[in-house]
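Reviewing the structure listed below.
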Amino acid sequence: MRLLLSNDDGYLAPGLAALHQALRPLGEVTVVGPEQNCSGASNSLTLWRPLSVYTAANGFHYLNGTPTDCVHVALTGMLDHRPDLVVSGINNGQNMGDDTLYSGTVAAATEGFLFGVPSIAFSLVEKNWAHLDAAARVAADIVEHFARRPLPAHTLLNVNIPNLPYEALGEWRVTRLGKRHPSQPVIRQTNPRGEDIYWIGAAGEAFDASEGTDFHAIAHGCVSITPLQLDLTHTQMLPTLREWVHGRRGGP
Ligand SMILES: Nc1nc2c(ncn2[C@@H]2O[C@H](COP(=O)(O)O)[C@@H](O)[C@H]2O)c(=O)[nH]1
């Protein structure tokens with residue numbers, strides 16, 4: 001297999017190194033990661049300045065842009081081949097429910113998906129890498145299974161892995177995204193120059209963690225595998241909106 005790896009915690013992050021180490025035996029692995037931590041970067045693309053690509057001593061490429069930039073540049077300007085799989089992570093923390101909208105880790109995989117390459121995002125649900133070795137083994141198990149039984153090109157998977165020793169991990173569960181309550185309010189402070197500054201508050205607690213969700217699977221020690229799609233059309237609203245539009249008086 002030929003794999004393209006990226007992440008959003010930065011090219012020096014332990015999660016990327018562990019993922020690379022775990023996937024190397026499965027084929028040819030190219031790494032293109034962001035120079036900085038881009039957590040929360042979502043699908044942002046850098047359009048207002050050029051990007052520069054560098055190569056670290058360990059052979060990882062990195063660029064002064066976002067996770068989406070990394071995969072975009074790799075697929076359209078660096079690689080002389082189309083990878084069999086784009087793999088993003090292993091994220092330092094969970095990407096469940098609404099997190100997936102803000103996540104740079106998911107965004108890197110999404111960019112591969114948009115270019116027609118099957119893609120997988122991996123996140124270890126608790127920060128600070130306690131059982132990163134176990135998460136890396138799970139990532140290799142899933143990629144190996146994909147190699148044996150490929151999924152269609154239009155595959156985008158969001159995988160969350162419990163923070164547990166490998167032997168304590170439960171089954172792989174196919175899940176849907178749960179939902180969170182809105183984020184906590186910002187934290188306002190004053191800087192040394194007397195100006196207000198704001199820290200984004202914590203993510204909201206789970207609102208829908210019912211059976212079948214990613215939250216539920218993780219709460220039961222299982223690996224959560226969620227298939228994602230990108231069509232944001234709110235189809236259930238279409239009839240209501242048509243009525244709303246056609247209900248205009250004297251309108252065209
Ligand atoms: N509102 C907040 N959201 C948070 C916070 N920490 C994490 N998050 C959410 O999780 C993802 C992390 O994903 P990443 O792949 O971008 O690292 C992030 O995008 C948010 O959705 C937080 O403190 N507050």
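At position 86 of the sequence shown (counting the first as 1) the number is 86 in full-length UniProt numbering, and the numbers step up by one without a gap.
The beta carbon of each residue, even a glycine, is placed where N, CA and C say it ideally should be.
When the options are compared against residue i, the one with the closest alpha-carbon
i           : options                        : result
Asn37       : Gly65, Tyr54, Ile120           : Gly65
Ala134      : Ser103, Ile90, Leu51, Ala107   : Ile90
Lys179      : Gly194, Val31, Ala209          : Ala209
Pro83       : Leu4, His220, Ser44            : Leu4
His181      : Glu171, Ala153, Val159, Ala206 : Ala206
Thr105      : Asp80, His154, Leu75, Ser39    : Ser39
Arg137      : Ala13, Asp231, Arg2, Gln21     : Gln21
Ala41       : Thr68, Trp244, Met1            : Thr68
Thr110      : Gly93, Val159, Asn92, Glu35    : Val159
residue 333 : Met1, Arg2, Val31              : As displayed, the chain neither begins before 1 nor continues past 252, which places residue 333 out of reach and without an answer.
Asn92       : Asp80, Ala217, Asp8, Asn58     : Asp8
Thr233      : Leu241, Gly170, Asp80          : Leu241
Same chain, Cβ closer than 6 Å to residue i, five either side skipped, listed in chain order
i     : result
Tyr11 : Gly33, Phe60, Tyr62
Tyr54 : Tyr62
Residues near residue i by beta carbon distance below 7 Å, same chain, minus five either side
i      : result
Asn163 : Leu124, Val125, Glu126, Ala130, His131
Glu144 : Leu26
Phe115 : Leu75
Residues of its chain near residue i, where Cβ-Cβ distance is below 8 Å and the 5 sequence neighbours each way are ignored
i      : result
Gln184 : Gly201, Ala202, Ala203, Gly204
Buried or exposed (CB count within 10 angstroms, at least 16 for buried), residue i
i      : result
His72  : buried
Ile142 : buried
Leu19  : buried
Ser6   : buried
Pro152 : exposed
Glu28  : exposed
Leu45  : exposed
Gly112 : buried
Ala139 : buried
Residue interval of the beta strand (DSSP E) (run including residue i)
i      : result
Thr226 : 223–227
Gln21  : Counting along the chain, Gln21 falls outside any beta strand (DSSP E), though it belongs to the alpha helix (DSSP H) covering 14–23.
Tyr62  : 61–63
Trp48  : Per DSSP, Trp48 belongs to no beta strand (DSSP E) and is neither H nor E.
Thr55  : 53–55
Glu144 : Per DSSP, Glu144 belongs to no beta strand (DSSP E); it is in the alpha helix (DSSP H), 132–148.
Phe215 : Looking at the DSSP string, Phe215 is not in any beta strand (DSSP E); the run it does join, the alpha helix (DSSP H), is 214–219.
For residue i, the first and last residue of its enclosing alpha helix (DSSP H)
i           : result
residue 277 : No statement about residue 277 is possible, as the shown extent of the chain runs from 1 to 252 and does not include it.
Asp99       : 99–102
Trp244      : 238–246
Sufficient close CB pairs (3 or more, under 8 Å) joining the segment 121–128 to the segment 93–109
yes
With a cut-off of 8 Å, do at least 3 Cβ pairs link the segment 205–222 to the segment 165–180?
yes
Meets three-Cβ-pair contact criterion under 8 Å: the segment 147–157 and the segment 185–195:
no
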